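*Asks:*
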Amino acid sequence: MKIETVHKFEQTVVTFLNQFEGWELEWCGGEYEHYDCKGKTRKGHECVIEMKFRKKYYKDKMLEKYKYDKLMEMDPEIVKLYFVSDPQGTYLYWLNYLEMPEISELYCPDTTLWSNKKKLKKVYLLTEDMASIVYKE
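The sequence shown: position 86 = 85 (numbering that gives the first Met the number 0), numbered continuously.
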């Protein structure tokens, strides 16, 4: 998926949450590497959201440990959310109080644009039932 497409999806989620759910979010325009938008939940709590859009369905939703750690280093009062969309549904994980599973190591595509190598990364594999909000097609 091209980065321009991912950015459009991110902006669409921000617009949807703002207009239909009463959130106050702003898309970060790709300038932050650990989250894609920031703002306030509909209850007025400061929050950040990391988003992933998958073309293929995977039973477990992968979150890089590095990204999780960077989010959790932020002020504890900020709500940290992980949004995943795949062909079978959308999932929203409230990370602040989520009991994380054991760390797994998987070979993942390198995120640099000039490489199509795989890199061993530490990840969490989140089950669908760990999500706070699930919408299944």
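Cβ coordinates follow ideal geometry from the N, Cα and C atoms, glycine included.
This one's a predicted model, so the numbers in the text were calculated from it and none came from an experiment.
Rounded C-beta distance between W26 and E9? I'm assuming under 8 Å.
*Replies:* Within the sequence shown, the letter at position 27 stands for residue 26. Within the sequence shown, the letter at position 10 stands for residue 9. About 6 Å; that satisfies the 8 Å criterion.
*Asks:* Run through the DSSP bridge pairs and tell me what K117 is partnered with.
*Replies:* The residue you call residue 117 lines up with position 118 of the sequence shown. According to DSSP, which records beta bridges pairwise, K117 is partnered with P108.
*Asks:* Apply the 10 Å Cβ neighbour rule to K1 and answer buried if 16 or more other Cβ atoms are within range, or exposed otherwise.
*Replies:* The count along the sequence shown starts at 1 and reaches residue 1 at position 2. The residue in question, K1, is exposed, as its Cβ has fewer than 16 Cβ neighbours within 10 Å.
*Asks:* State the Cα-Cα distance for the pair V133 and Y96, rounded to the nearest angstrom.
*Replies:* For the purposes of this step, residue 133 is identified with residue 134 of the sequence shown, where counting begins at 1. For the purposes of this step, residue 96 is identified with residue 97 of the sequence shown, where counting begins at 1. Distance between the alpha carbons of V133 and Y96: 17 Å.
*Asks:* Ignore the nearest five residues each way along the sequence and tell me which others in L80's own chain have a CB closer than 8 Å to its CB.
*Replies:* Locating residue 80 in the sequence shown gives position 81, where the first residue counts as 1. Excluding residues within five positions, the ones whose Cβ falls inside 8 Å are C46, V47, I48, E49, L91, Y92, W93, L94.
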